[in-house]
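Protein chains in written order, with my numbering: chain A, 1 to 125; chain B, 126 to 668.
Where is the CB? At the ideal position from N, CA and C, for every residue including glycine.
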Amino acid sequence: MGCKLTAPPGSPKPTPGPPPSGPNVFNAAKDAEITVFADSDSGTVHLIAADLNGVKVSLDVNFRATFKVSPGGNILSMTFVGSDPDEIFRIEEDCGGGNSPILRTWRLKPVVPGGPTTQITIHAT
Amino acid sequence: MQPNIVRIIQFACIALLLTVPLFGQSTAPIQTDPLARFDIPTNISSPDFPNVLTNFAVNGRQQFIDYMVDTMNTRAAFNATFRNLLQSVENGRVDEQAGASATSGGTASAAEKAGISGLLTAALESGAMTQTLDQNLFTVRGNAEGLFRFLSGQDVLPVCFNTTDTSCDPSPLNNLEFTASFDVSKSNTQTVSGQNPSGGATLAALLTSDKRQFSSASARFAIINSRDLRSKRYRDAWNTWFSQNHTALMQAGSDLLAAEDQIFLKMQSEDANGRAVTLGDSQSVYQVWLRNANSVLLGVIPRTAAGVRLALTQQLDLLIAQMRSLHPDLDDKVLAARSAYSRYYANTSGGFELGNQPMLTLQGSYQKPSLQPDLVNAKLVFAWSPKKKGTANPGTLTLNGGVSIYTRAQPKDANGNTSRWHDAQFAVQFDRPIDSKALSTLTIGGYFQYQISPGLVNIPAGAMSPPGTTITLPPNGAQLLSKSGTIAVVQASMTLQIPNSGIRVPIGISWSNRTELLTGNEIRGHIGFSFDSHSILLLGKEK
Chain A
1 MGCKLTAPPG SPKPTPGPPP SGPNVFNAAK DAEITVFADS DSGTVHLIAA DLNGVKVSLD
61 VNFRATFKVS PGGNILSMTF VGSDPDEIFR IEEDCGGGNS PILRTWRLKP VVPGGPTTQI
121 TIHAT
Chain B
126 MQPNIVRIIQ FACIALLLTV PLFGQSTAPI QTDPLARFDI PTNISSPDFP NVLTNFAVNG
186 RQQFIDYMVD TMNTRAAFNA TFRNLLQSVE NGRVDEQAGA SATSGGTASA AEKAGISGLL
246 TAALESGAMT QTLDQNLFTV RGNAEGLFRF LSGQDVLPVC FNTTDTSCDP SPLNNLEFTA
306 SFDVSKSNTQ TVSGQNPSGG ATLAALLTSD KRQFSSASAR FAIINSRDLR SKRYRDAWNT
366 WFSQNHTALM QAGSDLLAAE DQIFLKMQSE DANGRAVTLG DSQSVYQVWL RNANSVLLGV
426 IPRTAAGVRL ALTQQLDLLI AQMRSLHPDL DDKVLAARSA YSRYYANTSG GFELGNQPML
486 TLQGSYQKPS LQPDLVNAKL VFAWSPKKKG TANPGTLTLN GGVSIYTRAQ PKDANGNTSR
546 WHDAQFAVQF DRPIDSKALS TLTIGGYFQY QISPGLVNIP AGAMSPPGTT ITLPPNGAQL
606 LSKSGTIAVV QASMTLQIPN SGIRVPIGIS WSNRTELLTG NEIRGHIGFS FDSHSILLLG
666 KEK
């Protein structure tokens with residue numbers, strides 16, 4: 001299982017530290033099965049809900065969302081919780097084999113950019 | 126002014142302070158800047174400008190919903206939502222000590238609080254509680270780890286980029302704080318009488334306090350510091366709470382997304398003519414608006430916060446007008462999203478409340494009271510929040526217990542006996558925020574000091590006798606024993622804070638049955654000003 005999501009050329013790279021950073025638009029093959037999750041230094045941040053194009057995506061016991069990329073555009077919306085609103089955490093793709101690149105960073109604090117929910121757009125190629 | 130009139134005013138102030146909570150229980154509607162959470166002053170310098178501000182579907186969904194709620198003028202119905210709850214978390218801590226101790230010459234607090242500063246705290250306070258001579262004390266507190274990181278050019282609030290990097294974990298130094306207090310007042314004069322330990326003669330002198338001198342230094346270590354959001358104890362407690370409540374949290378999170386989708390998805394999947402387009406398509410209402418709004422914001426020259434704010438407001442209002450044509454029931458959907466948001470945070474508030482767990486701090490200090498022998502003090506400070514209610518700290522009970530000893534043996538009577546023991550102290554204090562944003566905090570406290578040995582005053586050479594007396598003072602100075610006994614102080618104060626600024630202003634009044642050197646009741650006023658740099662760092666303007 002390799003990584004499925006790729007950021008378009010010229011996209012901003014995620015960088016450590018505040019404010020949250022990184023791309024919010026990705027490309028992926030149609031019908032690709034993708035798993036995303038939240039990772040944090042504190043170990044307290046969890047993805048607790050996700051939907052793709054308004055349709056609920058079930059989470060597994062490790063709070064990971066797995067979905068299949070639909071043709072055209074896809075909007076993945078996510079809700080998170082964590083113990084510290086200021087903590088910068090990572091939204092990662094589970095590519096298997098222990099490989100989980102950072103898609104972007106985020107924080108729960110509702111100051112732009114931040115909040116309990118966010119979205120990424122995935123264009124099917 | 127007549128002494129009786131002064132007393133009446135003083136008691137009126139005490140009565141006012143004690144009854145203020147009755148008025149503070151009903152929270153007035155909060156009027157805030159509808160664009161405050163867009164943090165325009167910071168984001169105009171972002172490399173992602175203007176997208177960071179305009180692309181709210183990614184960068185701030187609830188901030189945009191907040192803005193819509195404001196434009197619908199229904200804000201008062203949502204005062205208990207996350208924005209206020211989070212502000213309470215940041216502003217509502219009442220357990221952090223800023224100023225000097227109750228035994229100093231200038232303080233606004235009967236008990237020392239258990240909390241440790243995050244980086245650097247400065248306080249200026251006026252009005253003694255137990256000391257005879259009033260002073261204005263400037264107190265600086267510094268967190269050992271925070272200062273080390275700051276001085277060595279590291280992030281004060283570090284963030285790691287992967288879970289194997291431990292460089293951002295707090296070290297034990299995070300629980301260590303150093304404090305120094307300095308007297309910055311002009312000299313203060315007081316008549317003091319007592320017994321000379323050399324011979325037993327009764328003496329009285331007109332004493333003038335030292336001025337602009339070092340007053341005390343201390344080191345504090347938080348043995349139990351579960352209120353630190355970075356502490357392992359807090360995180361472990363939070364994870365346990367999460368595992369017990371994740372089902373309800375997931376439902377609330379899912380409901381929140383569904384409510385937001387009702388607002389955001391349609392404008393991302395239809396064009397201006399109502400035709401369906403691919404989600405995220407460049408011709409969708411949202412993407413067309415986004416390009417135009419970005420162009421307008423880039424055209425704001427010079428790029429000032431005021432200029433960007435005006436342009437952003439106009440662009441958001443334009444989009445809301447378009448959204449109304451897409452959603453005839455937009456107001457209902459916004460209110461539903463806000464309600465879902467409230468439920469989400471009602472669920473998460475239980476986790477934040479874990480930050481109100483007990484704290485225990487050990488403190489050692491070296492004190493140099495004006496015209497008195499030097500002292501060393503050891504103290505244990507315990508803090509406990511007895512009740513949980515929302516995320517704002519519902520109140521913190523603080524208990525202090527300690528002993529003070531002289532740095533060297535001092536006379537304890539006129540018979541040549543000496544002792545190093547000075548006193549034992551106990552203090553209790555209750556701090557309670559009286560509004561949902563903790564902009565004001567009521568404090569009621571009591572301090573009790575058992576003087577193991579009588580108070581001792583160093584009469585300097587050349588001190589004057591009190592006017593109207595014929596007492597002759599030894600030309601080379603002398604010591605003077607005051608009466609021993611118990612000092613009891615009760616105190617009431619109100620602390621006002623400017624939210625998110627780190628600035629607090631305590632104003633209070635105290636009554637004591639006596640002071641260290643003089644018998645007789647004392648009523649004193651206390652006022653202070655403190656600044657906590659950590660609050661500024663938490664605003665996201667780090668480094």
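### Task
Whole angstroms is fine: what's the gap from Ile623 of chain B's alpha carbon to Phe656 of chain B's?
Residue mapping note: residue 623 of chain B aligns to position 498 of the second sequence, counting from 1. Residue mapping note: residue 656 of chain B aligns to position 531 of the second sequence, counting from 1. The straight-line gap from Cα to Cα measures roughly 10 Å.
### Query
Under a three-way DSSP split, which group does Thr372 of chain B fall into?
To locate residue 372 of chain B, count along the second sequence from 1; it is residue 247. Of the three classes helix, strand and coil, the one that applies to Thr372 of chain B here is helix, per DSSP.
### Query
Can you give the Cα-Cα distance for Pro12 of chain A and Trp106 of chain A, rounded to whole angstroms?
The residue given as residue 12 of chain A occupies position 12 in the first sequence. The residue given as residue 106 of chain A occupies position 106 in the first sequence. Their Cα atoms are separated by approximately 14 Å.
#### Entry: Selected residue, minimal CA-CA separation from Asn62 of chain A, among A:His46, A:Pro85, A:Lys56
As a first step, residue 62 of chain A must be located in the first sequence, where it is residue number 62. Here the closest residue by C-alpha is A:His46.
### Task
Please go through the same chain and pick out, in chain order, the residues whose beta-carbon is closer than 8 Å to the beta-carbon of Ile48 of chain A, but skip the five residues on each side of it.
As a working mapping, residue 48 of chain A is identified with position 48 in the first sequence. Cβ within range, chain order: Leu59, Phe63, Thr79, Phe80, Val81.
### Query
What residue from B:Trp509, B:Val501, B:Gln492, B:Tyr469 has the CA that sits closest to Pro483 of chain B's CA?
In the second sequence, the residue the question calls residue 483 of chain B occupies position 358. Relative to the Cα of Pro483 of chain B, the nearest Cα in the group B:Trp509, B:Val501, B:Gln492, B:Tyr469 belongs to B:Trp509.
### Query
Any residues in the region 67-87 of chain A with a beta carbon nearer than 7 Å to a beta carbon of chain B? Which ones, in chain order?
Listed by position along the chain: Gly72, Gly73, Asn74, Ile75, Ser77, Thr79, Val81, Ser83, Asp84, Pro85, Asp86.
### Message
Counting only C-beta atoms, is Thr403 of chain B closer than 8 Å to chain A at any point?
### Response
Within the second sequence, residue 403 of chain B is the residue found at index 278, counting from 1. Thr403 of chain B counts as touching chain A.
### Message
Going by DSSP, what residue range makes up the beta strand (DSSP E) through Gln260 of chain B?
### Response
Residue 260 of chain B sits at position 135 when you count from the first residue of the second sequence. Note, Gln260 of chain B: premise wrong, no beta strand (DSSP E); not H, not E.
### Task
Examine chain A for any beta-carbon lying closer than 8 Å to the beta-carbon of Asn364 of chain B, and answer yes or no.
Start at 1 with the first residue of the second sequence, and residue 364 of chain B comes out as number 239. Yes - at least one Cβ of chain A is within 8 Å of the one on Asn364 of chain B.
### Task
Starting from the C-beta of Arg629 of chain B, find all residues in its chain whose C-beta is less than 6 Å away, skip the five residues before and the five after it, and write them out in chain order.
Here the question's residue 629 of chain B lines up with position 504 in the second sequence. Excluding positions up to five away in sequence, the list reads Thr620, Gln622, Ser655.
### Query
By DSSP, does Ala603 of chain B sit in helix, in strand, or in coil?
Locating residue 603 of chain B in the second sequence gives position 478, counting from the first residue. Note: Ala603 of chain B maps to strand in three-state DSSP.
### Interface positions of the region 100-125 of chain A facing chain B (Cβ-Cβ less than 8 Å), listed along the chain
Listed by position along the chain: Ile102, Lys109, Pro110, Val111, Val112, Pro113, Gly114, Gly115, Pro116, Thr117, Thr118, Gln119, Ile120, Thr121, His123.
#### Entry: Span separating the alpha-carbon of Arg104 of chain A from that of Ile75 of chain A
Position 104 of the first sequence holds residue 104 of chain A. Position 75 of the first sequence holds residue 75 of chain A. Rounded to the nearest angstrom, the two C-alpha atoms are 15 Å apart.
### Query
Can you list the beta strand (DSSP E) stretches of 3 or more residues lying completely in the region 371-428 of chain B, in chain order?
none
### Task
Mark Arg463 of chain B as exposed unless 16 or more other C-beta atoms lie within 10 angstroms of its C-beta, in which case mark it buried.
Along the second sequence, read from residue 1 onward, the residue named residue 463 of chain B stands at position 338. Its Cβ being crowded by 16 or more others within 10 Å, Arg463 of chain B is buried.
### Query
Taking the alpha carbon of Asn417 of chain B as the point to measure from, which residue in B:Leu443, B:Phe551, B:Met254, B:His452 has its own alpha carbon closest?
Position 292 of the second sequence, counted from the first residue, corresponds to residue 417 of chain B. The shortest C-alpha separation from Asn417 of chain B is found at B:Leu443.
### Query
What is the residue span of the alpha helix (DSSP H) that Arg449 of chain B lies within?
For the purposes of this step, residue 449 of chain B is taken as the residue at position 324 of the second sequence. Start and end: 430-451.
### Query
For Arg208 of chain B, which residues from the same chain have a beta carbon less than 6 Å from its beta carbon, with the 5 sequence-adjacent residues on both sides left out?
For this step, residue 208 of chain B is matched to residue 83 along the second sequence. Reliability fails at Arg208 of chain B, whose pLDDT of 43 lies under 50, so the model's placement of it is uncertain and no value is given.
### Task
Determine, using beta carbons only, whether Asn268 of chain B and Ser242 of chain B come nearer to each other than 8 Å.
On the second sequence, position 143 is the one that residue 268 of chain B refers to. On the second sequence, position 117 is the one that residue 242 of chain B refers to. Cβ atoms of Asn268 of chain B and Ser242 of chain B: closer than 8 Å.
#### Entry: Residue environment, Val111 of chain A, which counts as buried when at least 16 other CB atoms sit within 10 Å
Position 111 of the first sequence holds residue 111 of chain A. Label assigned to Val111 of chain A: buried.
### Message
For Glu270 of chain B and Gly240 of chain B, which I take to be in contact (beta-carbon distance under 8 Å), what is that distance rounded to the nearest angstrom?
### Response
Counting from one through the second sequence, the residue named residue 270 of chain B turns up at place 145. Counting from one through the second sequence, the residue named residue 240 of chain B turns up at place 115. So it is not a contact: roughly 15 Å between Cβ atoms.
### Where the beta strand (DSSP E) through Pro14 of chain A begins and ends
Position 14 of the first sequence holds residue 14 of chain A. Note, Pro14 of chain A: premise wrong, no beta strand (DSSP E); not H, not E.
### Query
For the candidate residues B:Trp366, B:Ser171, B:Val614, whose alpha-carbon lies nearest to that of Thr232 of chain B?
By one-based count along the second sequence, residue 232 of chain B stands at place 107. Looking at the Cα atoms, B:Val614 is the closest of the given residues.
### Arg639 of chain B, buried or exposed, once every other Cβ within 10 Å from all chains shown has been counted against 16
The residue given as residue 639 of chain B occupies position 514 in the second sequence. Residue environment: Arg639 of chain B is assigned as buried (16 or more neighbouring CB atoms within 10 Å of its CB, all protein chains considered).
### Message
Less than 6 Å between C-beta atoms, sequence neighbours within five positions excluded: which residues of the same chain meet that for Lys32 of chain A?
### Response
Counted from its first residue, the first sequence places residue 32 of chain A at position 32. Residue identity differs from the one stated: residue 32 of chain A is Ala in this sequence, not Lys. Closer than 6 Å at Cβ, skipping near neighbours: Lys4, Val69.
### Task
Taking only beta-carbon positions, decide if Gln408 of chain B is within less than 8 Å of chain A.
By 1-based counting over the second sequence, the position of residue 408 of chain B is 283. No, because no Cβ of chain A sits closer than 8 Å to the Cβ of Gln408 of chain B.
### Query
Given a threshold of 16 other Cβ atoms within 10 Å of its Cβ, counted over all protein chains shown, does Ile91 of chain A qualify as buried or as exposed?
Stepping through the first sequence from its first residue, residue 91 of chain A is reached at position 91. With 16 or more Cβ atoms within 10 Å of its Cβ, Ile91 of chain A is classed as buried.
### Query
Applying a beta-carbon distance threshold of less than 7 Å, which residues of chain C neighbour Asn24 of chain A?
In the structure shown, chain C cannot be found, because the protein chains are A and B.
### Task
Just the C-alpha distance for Ser318 of chain B and Gly541 of chain B, rounded to the nearest angstrom, thanks.
Start at 1 with the first residue of the second sequence, and residue 318 of chain B comes out as number 193. Start at 1 with the first residue of the second sequence, and residue 541 of chain B comes out as number 416. Each residue's alpha carbon lies about 19 Å from the other.
#### Entry: Proximity below 8 Å, CB of Ser618 of chain B to CB of Gly633 of chain B
In the second sequence, the residue the question calls residue 618 of chain B occupies position 493. In the second sequence, the residue the question calls residue 633 of chain B occupies position 508. Yes; because the gap between Cβ atoms is below 8 Å, this pair is in contact.
### Message
Check for me: the beta strand (DSSP E) holding Pro536 of chain B runs from which residue to which?
### Response
To locate residue 536 of chain B, count along the second sequence from 1; it is residue 411. Element bounds for Pro536 of chain B: 521-536.
### Query
How would you call Ile348 of chain B, buried or exposed, if buried means at least 16 neighbouring beta carbons within 10 angstroms?
Here residue 348 of chain B refers to the residue found at position 223 when the second sequence is read from its first residue. It counts as exposed.
### Query
Using a C-beta to C-beta distance shorter than 8 Å, which residues of chain B count as neighbours of Thr44 of chain A?
For the purposes of this step, residue 44 of chain A is taken as residue 44 along the first sequence, with counting starting at 1. Residues of chain B passing the Cβ test: Arg360, Trp363, Asn364, Phe367.
### Query
What whole-angstrom Cβ distance do Ile612 of chain B and Thr255 of chain B have, given they're in contact under 8 Å?
Numbered from 1 along the second sequence, position 487 holds the residue referred to as residue 612 of chain B. Numbered from 1 along the second sequence, position 130 holds the residue referred to as residue 255 of chain B. Yes, Ile612 of chain B and Thr255 of chain B are in contact; Cβ-Cβ is about 5 Å, under 8 Å.
### Query
If the cut is a Cβ gap below 8 Å, which residues of chain A does Val425 of chain B touch?
Here residue 425 of chain B is taken as the residue at index 300 of the second sequence, counted from 1. The premise fails here: Val425 of chain B is roughly 17 Å from chain A at the closest Cβ pair, so nothing lies under 8 Å.
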